[in-house]
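The sequence shown begins at 1 in UniProt numbering and counts up by one. Glycine included, C-beta positions come from ideal geometry on N, C-alpha and C. What follows is a short report on a single structure.
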Amino acid sequence: RRLQAEHGLDLIIIDYLQLMAGTNGGGSSDNRVQEVSEISRGLKGIARELDIPVIALSQLSRAVEQRQPHIPQLADLRESGSIEQDADVVMFVYREEMYEPDTDRKNIADIFIKKHRNGPTGQIELFFHADQTKFSDLETDRTERTKK
1 RRLQAEHGLD LIIIDYLQLM AGTNGGGSSD NRVQEVSEIS RGLKGIAREL
51 DIPVIALSQL SRAVEQRQPH IPQLADLRES GSIEQDADVV MFVYREEMYE
101 PDTDRKNIAD IFIKKHRNGP TGQIELFFHA DQTKFSDLET DRTERTKK
């Protein structure tokens, strides 16, 4: 709030949500779920109060590793269903080559929009530049690589 008043803020990014502590400071796993819920609600409140977007990165539960395909679902958000409930948009990045090294989908990242309060859900394919940790439009990148 002080930074907003002194300098103005356009965006807040939290990397990552589970590293934050709530007012009770942690403890048992039941308390941790409540704590993450409190943090999630607090971030939503800050976004509304300051009228800026808040992007919060969250860890996934290990359940995604136990099924095929390994595409994340909303239920995989770790430690709290309130993350899903409070968020306006929930997106997951999935790269098949992380699980299937011999895939023909090398350098392709799928962005799954699993929740969008004011718009459509769906899937977007992007080209992933691992050397730069950068994403670009898949069709544009294919066209540029063909020209070379």
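DSSP three-state assignment for residue i, whether helix, strand or coil
| i | result |
| --- | --- |
| Ser80 | coil |
| Ala75 | helix |
| Ile108 | strand |
| residue 156 | Past the boundaries of the shown model lies residue 156; the chain is included only from 1 to 148, so the question cannot be answered. |
| Met20 | coil |
| Ala87 | coil |
| Leu43 | helix |
Contact under 8 Å by Cβ, residue i with residue j
| i | j | result |
| --- | --- | --- |
| Asp86 | Lys44 | yes |
| Phe128 | Ile108 | yes |
| Val93 | Asp76 | no |
| Ile52 | Leu17 | no |
| Val36 | Ser82 | yes |
Host beta strand (DSSP E) of residue i (start-end)
| i | result |
| --- | --- |
| Gln123 | 122-129 |
| Asp137 | 134-137 |
| Asp15 | 12-15 |
Element boundaries [alpha helix (DSSP H), containing residue i]
| i | result |
| --- | --- |
| Ala5 | 2-6 |
Buried versus exposed call for residue i [16 or more other C-beta atoms within 10 Å across all chains shown]
| i | result |
| --- | --- |
| Asp88 | exposed |
Sequence-distant residues of the same chain with beta carbon closer than 8 Å to residue i, five excluded per side
| i | result |
| --- | --- |
| Asn118 | Asp88 |
Other residues of its chain near residue i: CB distance less than 6 Å, five sequence neighbours each side excluded
| i | result |
| --- | --- |
| Ser61 | Asp76, Arg78 |
| Ile124 | Ile111 |
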